[in-house]
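Below: one structure, written as structure tokens.
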Amino acid sequence: MEETIIVQTTLGPVKGIKKTSALGNDYYSFQSIPYAKPPVGDLRFRDPQPAQPWKEVLDGTKEGPCCPAKNNMLNVIHGEEDCLHINIFTKTFNPNKLVPVMIYVHGGAFMRGSSTIDMYGPDFLLQKDIILFTFNYRLGAFGFLSIDDRSVEIPGNAGLKDQSMAIRWCKENAEFFGGNPKNITLFGESAGGCSVHYHMVSSQSRELFHRAIVMSGTVLNNWSIVPPRDWARRLAVSLGWDEKGTNKDMVEFLRSVDPISIVKAQESLVNPQERRDKILFPFGPVIEPYVGRGCFIPREPLEMAREAWSNSLPILIGGVSDEGLFSYREANEFPNVVNTLKCENMVPLELNLDQKGEECQRLAEKLKKFYFGDKEPSVERINEYVVLMTDKLFWHGIQRTLLSRLNAQEAGPTYLYRFNFDSPTFNHYRILMCGKTVRGVCHADDLSYIFKNIIAKEVPDASTPEFKTIQIMVNLLVSFATNSDPNCEAIEPTVWHPINQQTTPFRCLNISNNEVTMIDLPETERMALWDSMYKKNQLY
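Start counting the sequence shown at 10; every next residue gets the next number (the working numbering).
Shown next, in the form of structure tokens:
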């Protein structure tokens, strides 16, 4: 007989189930607990509304649906709109010994992903005394449609507002599940890391958490804001709207379309020129067109970061050594992506330069020379292209965040890491994106060492470097989540110091195949090149 447990939450009672992790730890699992009203009908695209309380015991023993999105691994579109749910994994309900709370925000380019245990199993983290919360938030047009018209009440960023509501729910309910509401760590990777950073700079999430772990994505990455390109109208037209009538009519039309069709249509909305400019997705965070109640991003993230409420909080931030490997498959399948690459498209769009103008051409030439030497970009130089993508799409945003943090009024400690563990078998995203022969550490490879996923059939043997790396990652993350200091036995004798103004290049904890050491950030020279394109007030 399976053992279940009932816990009273602020909204009503929920039933969880006892499970055993892949590493033999018993824990309780509560899944699919609603934190917001189902965003259906007139609530589609709108800011989230708090969930209604319930009286009967809610069954939290099974996983709920993901939000409507394309699953790239299975190449299917799935999910349901009634998806705004939280999952909780805890080992203890001891009210006298509340444990640190870790809340994870999943990635997926704001268009895909979910909090499923198939990808984010709690097994590794639950070796430690913590409680883990994960949740779904609306994706693509459902979460990020934005219309510059107050009367339709769709300013945008509903997906980030979902997250904020979920985090608040976790804080208000942590204690019922054995978690300490005064010790909350928010962490996320890729679009999830960028989201965590948004909660750090938006006053809407002020003081909902006490420290943050920002992995491979920040609000200063060039994909953190989607430029306004009439996406809502383009989506409606692609779905068959006749363009007759007002914004209100357009929204009514979009609310009448089934979710699967919307997901299909949004997948092909970005046009070839936008693709070349590395606009990666049509729906994601926006600077809201007007400041209404609950406005999440009222102005440039760069300005928000300067005076963020969280600048005094401790933060752990970094990325992987070959982030750009995620563009390897596209470059191989569509060699023209690299063969016809124009470096003026690589110059940051936020510099607002005319792509045909002299200044842009000068910077383009500089980039080309730095990454490709005297050769033309081509698929034969795919490795150079991967490095360019690593820097343009990931590391330079991290670099700018480091500068922004160091120059803040009350700067809290900023710990920098670089994940450089290259496993032939366990770097799952690289194997998926690049096949079995390519080596390196791809965007999202680090997740396999923090969460159990279904790609890994079993946990690596305790004697392997893979298992040791899982232990290093779990220990340093949990140590930081417990007391704001990632130094722990697992990285000894190395001492991890936060970055500071005096030490440039920045020092990072480098997690590699047989050692964990403090080194000068290897990307430093490449970062200096990107820094040099910006005026200081554009950079941080």
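Glycine residues also receive a C-beta, built at the ideal position from the N, C-alpha and C atoms.
{"Query": "Could you check the C-alpha separation between residue 481 and residue 488 for me, to the nearest Å?", "Result": "10 Å"}
{"Query": "Out of 261, 357 and 461, which has the shortest C-alpha to C-alpha gap to residue 51?", "Result": "261"}
{"Query": "Can you check which of these residues, 248, 301 and 159, is closest to residue 276 by C-alpha distance?", "Result": "248"}
{"Query": "Using a 10 Å radius around the Cβ and a threshold of 16 neighbouring Cβ atoms, would you call residue 180 buried or exposed?", "Result": "buried"}
{"Query": "Using the Cβ count rule (16 or more neighbours within 10 Å means buried), how would you classify residue 58?", "Result": "exposed"}
{"Query": "Under 8 Å, do residue 84 and residue 295 count as touching if we go by C-beta distance?", "Result": "no"}
{"Query": "Look up residue 540 in the DSSP assignment and give the residues it is bridged to.", "Result": "Residue 540 pairs with nothing; no bridge assigned."}
{"Query": "Which one of 117, 188 and 122 has the shortest CA to CA distance from residue 141?", "Result": "188"}
{"Query": "Answer with buried or exposed for residue 65, where buried requires no fewer than 16 other C-beta atoms within 10 angstroms of its C-beta.", "Result": "exposed"}
{"Query": "What are the boundary residues of the alpha helix (DSSP H) that residue 491 is part of?", "Result": "474 to 492"}
{"Query": "Decide if residue 539 is buried, meaning its Cβ has at least 16 other Cβ atoms within 10 Å, or exposed.", "Result": "buried"}
{"Query": "Taking contact to mean at least 3 C-beta pairs separated by less than 8 Å, is the stretch 221 to 235 in contact with the stretch 394 to 408?", "Result": "yes"}
{"Query": "CA-CA distance, residue 363 and residue 399?", "Result": "24 Å"}
{"Query": "Which parts of the stretch 132 to 174 are runs of the alpha helix (DSSP H), unbroken and 4 residues or longer, counting only runs that do not cross its ends?", "Result": "149 to 153"}
{"Query": "Under a three-way DSSP split, which group does residue 302 fall into?", "Result": "coil"}
{"Query": "For residue 101 versus residue 490, is the C-beta spacing smaller than 8 Å?", "Result": "no"}
{"Query": "When you compare only the Cα positions, how much space is there between residue 447 and residue 455?", "Result": "17 Å"}
{"Query": "Going by C-alpha to C-alpha distance, which of 135, 316, 93 and 132 sits closest to residue 123?", "Result": "93"}
{"Query": "Would residue 290 be called buried (16 or more neighbouring beta carbons within 10 Å of its own) or exposed?", "Result": "buried"}
{"Query": "Does the distance from the CB of residue 170 to the CB of residue 69 come in under 8 Å?", "Result": "no"}
{"Query": "Using a threshold of 8 Å, state whether the C-beta atoms of residue 337 and residue 443 are closer than that.", "Result": "yes"}
{"Query": "DSSP on residue 87, reduced to helix/strand/coil?", "Result": "strand"}
{"Query": "Are residue 196 and residue 129 close, meaning C-beta to C-beta below 8 Å?", "Result": "no"}
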